[in-house]
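Residue numbers (full-length UniProt numbering): 1 to 368.
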Amino acid sequence: MSAKGVRVRFADGRELLDGSSGLWNTNLGHGNEAIAQATSHALRDASYLSVFRYENAYARQAAAALVDVCGAGHFGRVVFSTSGGAANDLVMKLARHYQALRGMERRKIVVGLRGGYHGLTFGGFALTGDDLGQQVYGVDQRLVRHVPPNDPAALRTLMARVGGQVAAVVVEPVLGTGAVPLTAEYVDELLRLREEHEFLLVADEVATGFGRTGRFFASESWQERPDLLVTSKGLTNGTAAAAAVVVSRDVAAAFSRPGTLLMHGETQAGTPVSCAAILATIDEMRRLDAIGLAQRLSAGLDAELDALIAGHDRVSRATGVGCMRSLRVVTDGETRFPRQGCRPLWPRSVTRVRSCTRDCTASSCFRR
Numbered sequence: 001m002s003a004k005g006v007r008v009r010f011a012d013g014r015e016l017l018d019g020s021s022g023l024w025n026t027n028l029g030h031g032n033e034a035i036a037q038a039t040s041h042a043l044r045d046a047s048y049l050s051v052f053r054y055e056n057a058y059a060r061q062a063a064a065a066l067v068d069v070c071g072a073g074h075f076g077r078v079v080f081s082t083s084g085g086a087a088n089d090l091v092m093k094l095a096r097h098y099q100a101l102r103g104m105e106r107r108k109i110v111v112g113l114r115g116g117y118h119g120l121t122f123g124g125f126a127l128t129g130d131d132l133g134q135q136v137y138g139v140d141q142r143l144v145r146h147v148p149p150n151d152p153a154a155l156r157t158l159m160a161r162v163g164g165q166v167a168a169v170v171v172e173p174v175l176g177t178g179a180v181p182l183t184a185e186y187v188d189e190l191l192r193l194r195e196e197h198e199f200l201l202v203a204d205e206v207a208t209g210f211g212r213t214g215r216f217f218a219s220e221s222w223q224e225r226p227d228l229l230v231t232s233k234g235l236t237n238g239t240a241a242a243a244a245v246v247v248s249r250d251v252a253a254a255f256s257r258p259g260t261l262l263m264h265g266e267t268q269a270g271t272p273v274s275c276a277a278i279l280a281t282i283d284e285m286r287r288l289d290a291i292g293l294a295q296r297l298s299a300g301l302d303a304e305l306d307a308l309i310a311g312h313d314r315v316s317r318a319t320g321v322g323c324m325r326s327l328r329v330v331t332d333g334e335t336r337f338p339r340q341g342c343r344p345l346w347p348r349s350v351t352r353v354r355s356c357t358r359d360c361t362a363s364s365c366f367r368r
């Protein structure tokens with residue numbers, strides 16, 4: 001089996017379009033030569049260097065590049081991780097530690113959105129807003145609350161009740177389950193409530209980052225920047241296990257006091273190979289004008305999806321932004337959707353990703 005560009009070749013000779021970009025992580029396509037050369041050089045130059053209490057040139061340069069693309073005027077530090085889920089575990093620890101440094105030890109609650117997905121590590125799993133079996137695995141959700149997306153009133157109600165105990169609110173700018181964008185009204189209310197209740201606002205851009213929505217990061221469209229930004233998936237174009245939490249200057253300043261130590265570390269975080277891949281991916285994003293390409297593809301998708309909806313009575317609407325789209329498919333006269341009903345809408349040469357959440361199987365089917 002092999003892959004090149006946007007196509008995957010199987011052992012039996014079939015060649016298929018990778019319609020899901022791997023797991024939304026090969027934003028620049030498979031087999032990018034510049035990224036391959038950068039990672040190969042790093043392997044030969046320094047196969048492993050730790051960032052656990054130390055730093056190195058690879059990690060330093062990758063961190064600087066990330067701060068630059070996220071917004072150097074607002075962001076100032078980077079903490080490396082190995083996956084989106086692990087990075088969200090880190091976010092929960094960092095937010096609670098930050099509030100403790102401010103003398104607000106009671107602030108332990110982390111708020112997420114129903115339908116939001118933040119990984120399957122224990123912290124990310126707790127924060128995930130769908131029932132994916134958390135109870136089976138004994139995932140502790142006592143200090144997590146969930147509110148529906150795009151419902152400012154529900155958010156206000158929660159904050160009126162427990163706002164003084166909230167350490168952070170974590171949101172995907174576009175929910176990966178169903179490709180549902182947060183409305184401008186909802187984001188504005190999030191920003192207002194952040195000011196009022198002093199929680200950290202976290203943008204989980206694991207799926208939305210690196211051009212997926214037509215911007216380098218989807219939260220660039222917000223009126224104000226988040227306090228923490230989580231990135232993974234497209235961060236290395238799928239070539240290395242890597243993630244990062246990009247930290248605002250204000251939050252980072254709280255940890256600069258003598259003797260303050262954020263107790264977090266992962267052996268494989270910030271390795272030379274992953275950092276070389278990060279640097280090369282950012283360079284290739286610019287060289288290939290990946291953001292411009294995503295914007296042009298988005299315009300084409302608008303027309304194609306409009307035509308698809310007009311031509312199929314079982315497609316009720318499309319949601320999403322940029323190259324992150326979803327179709328809602330229903331059976332006429334029914335509220336429940338039999339999965340097999342989707343199949344005629346999709347060419348066999350396109351790989352498909354199913355959203356197997358409770359809401360999806362109950363009423364609709366989303367394809368990404």
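Beta carbons: idealized from backbone N, C-alpha and C, even for Gly.
For residue 125, the enclosing alpha helix (DSSP H) covers residues 122-127.
Using a 10 angstroms sphere on the CB of residue 235, the tally of other CB atoms reaches 16 or more, which defines it as buried. For residue 98, the closest C-alpha among the options 251, 64, 258, 39 is that of 251. In terms of CA proximity to residue 324, 298 leads the group 316, 315, 298. C-alpha of residue 167 to C-alpha of residue 126: approximately 15 Å in a straight line.
Counted as a single uninterrupted DSSP element, the beta strand (DSSP E) harbouring residue 15 occupies residues 15-17. Here the alpha carbon of residue 67 sits roughly 21 Å from the alpha carbon of residue 93. For residue 108, there is no enclosing beta strand (DSSP E), as DSSP marks it with neither H nor E.
A Cβ-Cβ distance of about 6 Å is found for the pair residue 279 and residue 65, placing them in contact under the 8 Å criterion. Ranked by how close their Cα comes to the Cα of residue 283, the residues 33, 10, 20, 5 have 33 in first place. Taking all protein chains in view, the Cβ of residue 118 is crowded by 16 or more other Cβ atoms within 10 Å, so the residue is classified as buried. Excluding the 5 residues flanking it on each side, residue 219 has same chain C-beta neighbours closer than 6 Å at 173, 203, 226, in chain order. By the neighbour-count definition (other C-beta atoms within 10 Å, threshold 16), residue 160 is an exposed residue.
Within the model, the alpha-carbon separation for residue 293 versus residue 210 is close to 12 Å. Of all alpha-carbon atoms in 81, 137, 328, 277, the one lying nearest the alpha-carbon of residue 269 is that of 81.
With distances taken between CA atoms, residue 14 lies nearest to 2 out of 180, 249, 152, 2. About 12 Å separates the CB atoms of residue 177 and residue 131; that is not less than 8 Å, and the two are not in contact. In the DSSP assignment, residue 318 falls within the beta strand (DSSP E) that extends over 315-321. Under the DSSP assignment, residue 3 falls in the beta strand (DSSP E) whose first and last residues are 2-4. Under DSSP, residue 248 shares a beta bridge with 75.
Nearest to residue 305 by alpha-carbon distance, out of 327, 141, 264, is 327. Taken through DSSP and simplified to helix, strand or coil, residue 272 comes out as helix. Cβ contact annotation for residue 185 (same chain, cutoff 7 Å, sequence separation greater than five): 152, in chain order. Under the three-state reduction of DSSP output, residue 133 falls in the coil class, being neither helix nor strand.
Leaving aside the five residues that flank residue 187 on each side, the residues in its chain whose CB is nearer than 6 Å to its CB run, in chain order, 222. Comparing alpha carbon positions, the residue from 175, 133, 136 closest to residue 150 is 175. Residue 181 is bridged by DSSP to 174. Secondary structure at residue 197: helix, using DSSP grouped into helix, strand and coil. Taking 9 Å as the cut-off, the Cβ atoms of residue 88 and residue 233 do not count as close. Taking C-beta separations shorter than 6 Å and ignoring five residues to either side along the sequence, the partners of residue 242 in its chain run 235, 236, 274, following chain order.
Contact between the region 29-44 and the region 254-268 is absent: fewer than three C-beta pairs spanning the two stretches fall below 8 Å. Of 47, 79, 248, the smallest CA-CA separation from residue 60 is found for 79. In terms of CA proximity to residue 169, 145 leads the group 145, 49, 320.
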